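Undergrad: Handing you this structure, nothing more for now.
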Amino acid sequence: MASIRDLRNRIKSVGSIRQITRAMEMVATTKLRRFQDKAVASRPYAQEIAGLVGRLAAALGDDVSDRPLFRPGAGTRVAVLLVTSDRGLCGAYNSNILRLLEQWRQSNPGVEADFWVYGRKGYQYLQRRSRPIERFLVDPVLEQVDYRAAARTSRYLVEAFTSGKYAKVLVFYTAFESVVRYVPTEVQLLPVASTIGAEKTAMAADALLEPDAATIFDRIVPRYLETRIYNALLESLTSEYASRRVSMKNATDAAKDIGNLLKKIYNRKRQENITKELLDIVGGAEAVK
Amino acid sequence: MAGTLTLRVITPERIALDTLVQSVRVPGADGSLGILPRHAPMVAALDTGLLHFHTADGEAVMFVSGGFAEVRGETLRVVTEAGERPDEIDEARAKEAEQRARERMAGTRPLGEGEAVDLARAELALRRALWRQRAVEYSSQ
């Protein structure tokens with residue numbers, strides 16, 4: 001049985017854990033909001049670019065599938081961009097995305113993948129299993145990732161794809177659906193899925209194109225890929241902090257419950273001791289009488 | 290006046306500008322393009338440079354970096370990677386960037402590990418730095 005002093009120590013340590021997890025919960029809440037705002041701010045740009053791609057594809061007609069970056073790659077390997085977190089204590093965030101990766105590997109046996117990785121957790125995971133890591137993207141740190149960093153990553157992937165080593169480029173990231181729902185997701189970045197064509201919205205037939213549809217189109221596709229990667233990064237970061245906030249809230253609640261339980265036991269024990277002492281005194285007094 | 294034109298500059302970080310204008314001049318990839326209200330639908334690739342526009346308050350400029358301009362209806366959308374008003378530009382930083390780019394191009398800047406001289410990118414950086422400075426000069430006149 002724990003002594004009274006042990007109990008007092010445990011109550012104290014549970015209390016300080018609770019303070020820490022509460023602080024982490026609040027930090028996660030602020031950061032969550034920051035990334036959410038960033039994601040919202042980037043939406044008009046992404047929409048304009050996607051809209052332009054669709055309208056230009058319509059102007060180009062059916063030969064879209066023949067443009068560079070639309071044809072399947074010449075290689076056999078697959079390039080994978082994996083987005084995880086730098087730090088733990090964020091619930092099942094990392095294990096969910098890594099599980100999706102394993103599922104993909106199992107359903108595509110024999111397919112060799114090279115990795116581009118965001119987040120130390122994913123990097124360590126791949127390294128432990130000695131999977132080929134092409135690049136660990138740490139500059140700038142994940143949390144400070146901006147559009148330019150996403151554009152740079154996009155450039156790396158396009159270069160890798162056009163080098164002829166890869167058949168396609170996949171992105172594994174966590175899609176943010178709501179503060180309580182984040183879904184590990186796999187999307188194909190390259191070759192650009194011809195689903196773009198599905199969003200075709202006709203451009204005014206007499207629209208002027210400077211210099212011409214094909215040139216503009218080839219220039220806009222890389223921008224489109226950048227917005228996809230930027231969005232994947234922002235959604236992953238938002239999910240990470242949403243997940244961290246929930247797990248820190250659970251930890252805080254659990255600490256509170258344990259604290260209460262310990263306090264109850266502690267009080268009972270204290271009461272017991274007092275009663276025992278009283279009995280001793282009363283007993284002693286009786287004996288003397 | 291014949292109609293109005295809304296100018297909206299959209300970047301990945303924000304909507305940098307959303308205003309009614311009387312005329313706009315954009316840095317098209319094949320040369321400067323003037324756009325007035327009631328322009329025909331158009332999509333144009335842009336170069337790095339200055340966006341000149343006339344509003345009711347007078348003339349102003351904005352630095353834009355690549356991207357596209359699209360006229361649809363009564364709106365000119367400039368979709369670009371950077372859209373900065375002259376008062377948002379850090380002139381000292383632009384000068385530093387210019388210096389860095391010139392050193393890279395001249396080959397006098399020590400290279401980091403695994404880094405190769407990328408002339409095309411250095412040149413783009415140089416152009417951005419110069420246009421940023423031009424924007425500041427323009428507004429201080």
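Chains as they are written, first to last, in our numbering: chain X, 1 to 289; chain U, 290 to 430.
The beta-carbon is built from N, C-alpha and C at its ideal position, and this holds for glycine as well.
Here the structure is a predicted model, which is why all the values come from computation and not from measurement.
Short of 6 Å in beta carbon distance, which residues of its chain neighbour residue 422 of chain U, apart from the five on each side in sequence? Order them along the chain.
TA: Here residue 422 of chain U refers to the residue found at position 133 of the second sequence. Only 383 meet the Cβ criterion.
Undergrad: For residue 299 of chain U, return the contacting residues in chain X, with the cut-off set at a CB-CB distance below 7 Å.
TA: For the purposes of this step, residue 299 of chain U is taken as the residue at position 10 of the second sequence. Here the neighbours are 44, 45 and 48.
Undergrad: Determine, using beta-carbon pairs with one atom in the region 226-236 of chain X and one in the region 160-177 of chain X, whether at least three such pairs fall under 8 Å.
TA: A contact exists between the region 226-236 of chain X and the region 160-177 of chain X.
Undergrad: According to the neighbour-count rule (16 or more other Cβ atoms, all chains shown, within 10 Å of its Cβ), is residue 408 of chain U buried or exposed?
TA: To locate residue 408 of chain U, count along the second sequence from 1; it is residue 119. Exposed: under 16 other Cβ atoms inside 10 Å.
Undergrad: According to DSSP, is residue 348 of chain U helix, strand or coil?
TA: Counted from its first residue, the second sequence places residue 348 of chain U at position 59. DSSP places residue 348 of chain U in strand when its eight states are reduced to three.
Undergrad: Where residue 215 of chain X and residue 68 of chain X are concerned, what is the direct C-alpha to C-alpha distance, given to the nearest angstrom?
TA: Translated into positions along the first sequence, residue 215 of chain X becomes position 215. Translated into positions along the first sequence, residue 68 of chain X becomes position 68. Rounded to the nearest angstrom, the two C-alpha atoms are 12 Å apart.
Undergrad: Buried or exposed: residue 273 of chain X, going by 16 or more other Cβ atoms within 10 Å of its Cβ?
TA: For the purposes of this step, residue 273 of chain X is taken as residue 273 along the first sequence, with counting starting at 1. So residue 273 of chain X ends up on the exposed side.
Undergrad: Answer yes if the region 137-144 of chain X comes into contact with the region 214-231 of chain X, meaning at least three C-beta pairs across the two stretches below 8 Å, and no otherwise.
TA: Because the criterion of three Cβ pairs below 8 Å is not met, the region 214-231 of chain X and the region 137-144 of chain X do not touch.
Undergrad: Measure how close the beta-carbons of residue 318 of chain U and residue 336 of chain U come, nearest whole angstrom, since I'm counting them as under 8 Å.
TA: Taking the first residue of the second sequence as position 1, residue 318 of chain U is located at position 29. Taking the first residue of the second sequence as position 1, residue 336 of chain U is located at position 47. Confirmed, Cβ separation roughly 5 Å.
Undergrad: Using a Cβ cut-off of 9 Å, pull out every chain X residue sitting near residue 302 of chain U, in sequence order please.
TA: By one-based count along the second sequence, residue 302 of chain U stands at place 13. By Cβ distance, chain X contributes 38, 41, 42, 45, 146 and 147.
Undergrad: Leaving out five residues on either side along the sequence, give the residues of the same chain with a beta carbon under 8 Å from the beta carbon of residue 390 of chain U.
TA: Taking the first residue of the second sequence as 1, we reach residue 390 of chain U at position 101. Hits under 8 Å: 411, 412, 414, 415 and 418.
Undergrad: Taking only beta-carbon atoms, is residue 366 of chain U less than 8 Å away from chain X?
TA: On the second sequence, position 77 is the one that residue 366 of chain U refers to. So yes, residue 366 of chain U belongs to the interface.
Undergrad: Leaving out the 5 sequence neighbours to the left and right, which residues in its chain are closer than 7 Å to residue 125 of chain X when beta-carbon positions are compared?
TA: Start at 1 with the first residue of the first sequence, and residue 125 of chain X comes out as number 125. Within the same chain, residue 125 of chain X has close Cβ partners 98.
Undergrad: Using a beta-carbon distance cut-off of less than 9 Å, what residues from the region 97-120 of chain X approach chain U?
TA: Of all residues in the region 97-120 of chain X, none has a Cβ within less than 9 Å of some Cβ in chain U.
Undergrad: Closest Cβ-Cβ distance between residue 294 of chain U and chain X: below 8 Å?
TA: Position 5 of the second sequence, counted from the first residue, corresponds to residue 294 of chain U. No, its Cβ sits nowhere closer than 8 Å to a Cβ of chain X.
Undergrad: Out of curiosity, what's the CA-to-CA distance linking residue 166 of chain X and residue 72 of chain X?
TA: Start at 1 with the first residue of the first sequence, and residue 166 of chain X comes out as number 166. Start at 1 with the first residue of the first sequence, and residue 72 of chain X comes out as number 72. For residue 166 of chain X and residue 72 of chain X, the distance between alpha carbons rounds to 9 Å.
Undergrad: Given a limit of 7 Å on CB to CB distance, which residues of the region 304-320 of chain U reach chain X?
TA: Those residues of the region 304-320 of chain U that come within reach of chain X (Cβ to Cβ, closer than 7 Å) are 304, 317, 318 and 319.
Undergrad: Taking 8 Å as the CB-CB limit, is residue 357 of chain U close to chain X?
TA: By 1-based counting over the second sequence, the position of residue 357 of chain U is 68. Interface residue, yes.
Undergrad: Could you please tell me which residues of the region 324-337 of chain U, in chain order, have their CB closer than 7 Å to any CB of chain X?
TA: Here the close residues are 329, 330, 331, 332, 333 and 334.
Undergrad: Go ahead and pull the three-state DSSP assignment for residue 255 of chain X.
TA: Mapped onto the first sequence, residue 255 of chain X falls at position 255. Note: residue 255 of chain X maps to helix in three-state DSSP.
Undergrad: Residues of chain U with a CB under 8 Å from the CB of residue 52 of chain X: which are they?
TA: As a working note, residue 52 of chain X is residue 52 in the first sequence. Within chain U, the residues near residue 52 of chain X are 332, 357, 359 and 368.
Undergrad: Per the DSSP calculation, residue 184 of chain X is bridged to which residue(s)?
TA: Taking the first sequence and counting its residues from 1, one reaches residue 184 of chain X at position 184. X:174, per the DSSP bridge assignment.
Undergrad: Would you kindly work out how many angstroms separate the C-alpha atoms of residue 345 of chain U and residue 309 of chain U, rounded to a whole number?
TA: The sequence position of residue 345 of chain U within the second sequence is 56, counting from 1. The sequence position of residue 309 of chain U within the second sequence is 20, counting from 1. Straight-line Cα distance between these residues: approximately 8 Å.
Undergrad: Quick check: the Cα distance between residue 301 of chain U and residue 267 of chain X, rounded to an integer number of angstroms?
TA: Here residue 301 of chain U refers to the residue found at position 12 of the second sequence. Here residue 267 of chain X refers to the residue found at position 267 of the first sequence. The alpha-carbon atoms of residue 301 of chain U and residue 267 of chain X are separated by roughly 59 Å.
Undergrad: Could you tell me whether the Cβ atoms of residue 28 of chain X and residue 244 of chain X are closer together than 8 Å?
TA: Counting from one through the first sequence, the residue named residue 28 of chain X turns up at place 28. Counting from one through the first sequence, the residue named residue 244 of chain X turns up at place 244. Yes, the Cβ-Cβ distance between residue 28 of chain X and residue 244 of chain X is below 8 Å.
Undergrad: With DSSP as the reference, label residue 312 of chain U as helix, strand or coil.
TA: Counted from its first residue, the second sequence places residue 312 of chain U at position 23. If DSSP states are grouped into helix, strand and coil, residue 312 of chain U belongs with the strands.
Undergrad: Mind pulling the beta strand (DSSP E) runs of 3 or more residues that sit fully within the region 68-146 of chain X?
TA: Listed in chain order, they are 77-83, 113-118 and 133-136.
Undergrad: Considering only DSSP beta bridges, list what residue 361 of chain U is partnered with.
TA: As a position in the second sequence, residue 361 of chain U is number 72, starting the count at 1. Bridge partners of residue 361 of chain U: U:364.
Undergrad: Mapping DSSP to helix, strand and coil, what is residue 294 of chain U?
TA: What you label residue 294 of chain U is simply residue 5 of the second sequence in a count that begins at 1. If DSSP states are grouped into helix, strand and coil, residue 294 of chain U belongs with the strands.
Undergrad: Less than 8 Å between CB atoms is the rule here; does residue 28 of chain X satisfy it with respect to chain C?
TA: Considering every chain present, this structure includes no chain C. Its protein chains are X and U.
Undergrad: Can you tell which of U:359, U:312, U:354 and U:306 has the C-alpha that lies nearest to the C-alpha of residue 332 of chain U?
TA: Here residue 332 of chain U refers to the residue found at position 43 of the second sequence. Checking every option, the nearest Cα to that of residue 332 of chain U belongs to U:359.
Undergrad: With a threshold of 8 Å between beta-carbons, can residue 322 of chain U be considered close to chain X, or not?
TA: By 1-based counting over the second sequence, the position of residue 322 of chain U is 33. Yes, contact with chain X.
Undergrad: Using a Cβ distance threshold of 8 Å, determine whether the region 258-266 of chain X contacts the region 5-15 of chain X, with at least three qualifying pairs required.
TA: Yes, the region 258-266 of chain X is in contact with the region 5-15 of chain X.
Undergrad: Using a 10 Å radius around the Cβ and a threshold of 16 neighbouring Cβ atoms, would you call residue 289 of chain X buried or exposed?
TA: As a working mapping, residue 289 of chain X is identified with position 289 in the first sequence. Residue 289 of chain X should be labelled exposed.
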